[in-house]
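These protein sequences, in sequence, are chains Z and G. According to our numbering, the first sequence holds residues 1262 to 1529 in order. According to our numbering, the second sequence holds residues 1262 to 1529 in order. Just so you know, even glycine gets a beta-carbon here, dropped at the ideal spot from N, CA and C. Scroll down for the structure; my scribbles are underneath it.
2 protein chains.
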Amino acid sequence: MELLERLGLGSRRVLILHHDDLGLTHAQNGAYSALGLPTGSVMVPGAWAPAVRGADLGVHLTLTSEWQAPRLRPLTAGESLRDEAGYFPSTLEALWQRARAEEVERELRAQIEAAQRLFSPTHLDTHQGAVMRPDLAEVYLRLAQAYRLVPLIPDTLEGLGVPPPFLPELERLMAEAPFPRVRFLDPYGLPPEERLGFYLGLAHLPSGLYYLAHHSALPTPEGRALPDWATREADYFALAHPEVRRVLAEFHPLTWRAVREALKEGWR
Amino acid sequence: MELLERLGLGSRRVLILHHDDLGLTHAQNGAYSALGLPTGSVMVPGAWAPAVRGADLGVHLTLTSEWQAPRLRPLTAGESLRDEAGYFPSTLEALWQRARAEEVERELRAQIEAAQRLFSPTHLDTHQGAVMRPDLAEVYLRLAQAYRLVPLIPDTLEGLGVPPPFLPELERLMAEAPFPRVRFLDPYGLPPEERLGFYLGLAHLPSGLYYLAHHSALPTPEGRALPDWATREADYFALAHPEVRRVLAEFHPLTWRAVREALKEGWR
């Protein structure tokens, strides 16, 4: 709560509403433009990354590429980051089995520096939580410091699918990191037909610092080429709905840019 | 004409109808599926490359990336192939000023070998004619031999926008190459409203070996994000038209696969 008090928001319900996977498809970028919400993060290896323009954009650090297409490649040469055809591994398991931490660090630095050529990033998060392996989490938190970009850190690891052997060390790293932790909300796995109910239910949350990750995409043929298009469209239609907007308007809308500004003195 | 005689097509009108820029967008791939024509080539650095499936696919060797998005990066590390943000240069001029031939060779080999992981390529051509600089043309023709992939070689360099200083050496290389040369047709630069007329006019061509490059793309929001969408859609609508199909049916349809087979004995 220290951050909220510093921001004078100690007793409020505060929400960072975050658009994941920008730069991956035209449909994802189109939803970002159509919704008019400032905060999201960009998959820099994505072909549509240079087209994202916005007020509060971060780097959606990418180490996996889970669909047949669009399929993404690392920016750097690390052999432990790619499959036989040169793409990122398609699963977290394959990544975590092979990835060498020094090659991950080189790749993440390249993604951050490429992002800085495209826009002015405010924060870091990771695609599919690829840095949950503790030695990669250490890299993630160290780069956040090095580049002065606020990293997403959830307030609990429960329900995030972290492999049990990673938990103690990951929890220790997160507890020691000099960054705020957020209550992580993510409707991705809910059935699309329950999406509107999920968003309307936010009205009942108590005060606190919430982070809501959504994956909104426009209903287009390209958007629907992704196997999980239905959950992306469900986010888009819900967040475009006036009743959901009315619920969201009851929260103080926080940006990572404002958080970064508040932490200004704290960067090592 | 030697090739046509070997194929028993000496007096015929023979057409390789070629779909350029596959793998660049979902709309381009979608048009390839919808038209059901076998021959085209894939931009391997494109995010949609792994989704292309077809009977006569080649490698659309890529050294430039001319749109703000989708924007493509080299597969290899060569500094002379990328701009400050790590993308291919956006113009041929910028490419030709900077590109080192040995870095081009490494990149083109990587694209061919990555393509071989995705499909079974039959031929080579190049995006925007990036290998017209003579030392790069030498690499292109050498790799065609090395990988046994038939390279596109036009029967004349007139009207292709080759910088005059490149012409003598380029003409010599092409004349010496042990590959068939084709009469190159490309409606890309024609106004879209003249496209149907262009295709219908093919009915009046004399016998010979023709190569027609088209850039068909579906009329979708993603397809229309490309500044040149109108010419791509014009190709798509023309080639989907029954009257154009009737004109095309008067040609013997040739694939690069058949050409490759006919050249079998000739590979050094």
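| Check | Outcome |
| --- | --- |
| The stretch 1349 to 1376 of chain G: which residues have C-beta closer than 7 Å to a C-beta of chain Z, in chain order? | 1375 |
| Pick out whichever of 1526/G, 1354/G and 1478/G has its Cα sitting closest to the Cα of residue 1449/G. | 1478/G |
| Is there at least one Cβ from chain G nearer than 8 Å to residue 1382/Z's Cβ? | no |
| Taking contact to mean at least 3 C-beta pairs separated by less than 8 Å, is the stretch 1388 to 1408 of chain Z in contact with the stretch 1427 to 1439 of chain Z? | yes |
| Excluding the five sequence neighbours on either side, which residues of its own chain have a C-beta within less than 6 Å of the C-beta of residue 1415/G, listed in chain order? | 1445 |
| Let me check understanding here. Comparing Cα to Cα, which of 1336/G, 1480/G, 1485/G and 1296/G lies closest to residue 1502/G? | 1296/G |
| Assess, as a yes-or-no matter, whether the stretch 1483 to 1490 of chain Z is touched by the stretch 1268 to 1283 of chain G under the definition of 3 or more beta carbon pairs within less than 8 Å. | no |
| Would you please verify whether the beta carbon of residue 1329/Z is less than 8 Å from any beta carbon of chain G? | yes |
| Can you find a CB in chain G that lies within less than 8 Å of the CB of residue 1387/Z? | no |
| Does residue 1488/Z get closer than 8 Å to chain G when you measure Cβ to Cβ? | no |
| At the level of alpha carbons, what is the spacing between residue 1333/Z and residue 1320/G? | 18 Å |
| Distance, Cα to Cα, residue 1355/G vs residue 1285/G? | 21 Å |
| I'd like the span of the beta strand (DSSP E) that includes residue 1446/Z, first residue to last. | 1444 to 1446 |
| Roughly how many angstroms separate the alpha carbons of residue 1352/Z and residue 1458/G, rounded to a whole number? | 50 Å |
| Between residue 1335/Z and residue 1342/Z, how many whole angstroms is the CB-CB distance? I'm expecting something under 8 Å. | 5 Å |
| Within 8 Å (strictly less), CB to CB, does residue 1324/Z reach chain G? | no |
| Quick one: which chain G residues come within Cβ less than 7 Å of residue 1481/Z? | 1481, 1482 and 1483 |
| Using a Cβ distance threshold of 8 Å, determine whether the stretch 1288 to 1305 of chain Z contacts the stretch 1373 to 1391 of chain Z, with at least three qualifying pairs required. | yes |
| Going by beta-carbon coordinates alone, are residue 1434/G and residue 1470/G separated by less than 8 Å? | no |
| Quick one: does residue 1295/G have its CB under 8 Å from some CB of chain Z? | no |
| Which one of 1407/Z, 1346/Z, 1475/Z and 1387/Z has the shortest CA to CA distance from residue 1378/G? | 1346/Z |
| The alpha helix (DSSP H) spanning residue 1505/Z covers which residue range? | 1503 to 1509 |
| Return the chain-ordered list of same chain residues with a C-beta closer than 8 Å to the C-beta of residue 1368/Z, the five sequence neighbours on each side being excluded. | 1324, 1335, 1336, 1337, 1339 and 1342 |
| How should residue 1361/Z be labelled, buried or exposed, when 16 other C-beta atoms within 10 angstroms of its C-beta is the threshold for buried? | exposed |
| Would a check of beta-carbon distances place residue 1336/G closer than 8 Å to chain Z? | yes |
| According to a CB-to-CB cut-off of less than 7 Å, which residues of the stretch 1391 to 1423 of chain G neighbour chain Z? | none |
| Shortest alpha-carbon distance to residue 1374/G belongs to which of 1348/Z, 1358/Z and 1484/Z? | 1348/Z |
| Please list the partners that residue 1379/G has in chain Z, where partner means a Cβ-to-Cβ separation under 9 Å. | 1346 |
| Residue 1288/G and residue 1483/Z: beta carbons closer than 8 Å? | yes |
| Residue 1293/G and residue 1283/G look like a contact to me (Cβ under 8 Å); what is the Cβ gap, rounded to whole Å? | 6 Å |
| Which residues in chain Z have a C-beta closer than 8 Å to the C-beta of residue 1501/G? List them in chain order. | Simply none; closest approach about 16 Å. |
| Near residue 1399/Z, what residues of its chain come up, given a Cβ to Cβ distance below 7 Å and the 5 sequence neighbours on each side ignored? | 1434 |
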